[in-house]
Amino acid sequence: MDTLLKNSLTSQTVFFPYLLEIDIVDSFSTNKYVDNISILLKRLWDNKYPVIVAADFENLLSEAGGYKSTNVPFPASIPC
């Protein structure tokens with residue numbers, strides 16, 4: 000794989016080792032999801048876990064879900 004492609008911030012989503020899916024429950028408001036997922040993201044980022052969110056409401060989350068943010072850890076920046 001091309002080194003520049005592998006290390007570019009916008010293409011690293013391919014290289015995240017885990018996937019977490021959250022099913023939306025109609026009885027919960029979007030605000031509840033945004034608040035709780037933002038808390039989860041901050042805790043994971045504080046512990047140096049590389050996490051981003053792809054969702055219809057990602058722009059409402061902390062760091063807009065982490066995608067393209069230089070303030071959150073990405074896989075390439077985590078020491079092995």
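Following numbering that gives the first Met the number 0, the numbering of the sequence shown begins with 0 at its first residue and continues without gaps. Heads up, the beta-carbon is just placed ideally off N, CA and C, and yes, glycines get one too.
Short Cβ contact (8 Å threshold) for Leu60 with Leu40: Start at 1 with the first residue of the sequence shown, and residue 60 comes out as number 61. Start at 1 with the first residue of the sequence shown, and residue 40 comes out as number 41. At a Cβ-Cβ threshold of 8 Å, Leu60 and Leu40 count as neighbours.
For Trp44, the nearest candidate out of Tyr17, Asn70, Pro16 and Phe15 (CA to CA): As a working mapping, residue 44 is identified with position 45 in the sequence shown. Ranked by Cα distance from Trp44, the first of Tyr17, Asn70, Pro16 and Phe15 is Asn70.
The alpha helix (DSSP H) enclosing Ser97, as first and last residue numbers: Residue 97 is absent from the structure shown; the chain starts at 0 and stops at 79.
Rounded separation between Lys31 and Ala53 - CA only: Taking the sequence shown and counting its residues from 1, the one referred to as residue 31 is at position 32. Taking the sequence shown and counting its residues from 1, the one referred to as residue 53 is at position 54. Between Lys31 and Ala53, the C-alpha separation is close to 17 Å.
Rounded C-alpha distance that separates Phe27 from Phe56: Within the sequence shown, the letter at position 28 stands for residue 27. Within the sequence shown, the letter at position 57 stands for residue 56. Rounded to whole angstroms, Phe27 and Phe56 show a C-alpha spacing of 14 Å.
Candidates Pro16, Tyr17 and Phe73, of which the one nearest Lys128 by Cα: The shown model of the chain, from 0 to 79, leaves out residue 128, and the question about it has no answer.
Buried/exposed call for Pro16, threshold 16 Cβ in 10 Å: Locating residue 16 in the sequence shown gives position 17, counting from the first residue. When all chains shown are included, Pro16 counts as exposed.
Whole-angstrom distance between Ile51 and Tyr66, CA atom to CA atom: Here residue 66 refers to the residue found at position 67 of the sequence shown. Here residue 51 refers to the residue found at position 52 of the sequence shown. Rounded to whole angstroms, the gap between the alpha carbons of Tyr66 and Ile51 is 6 Å.
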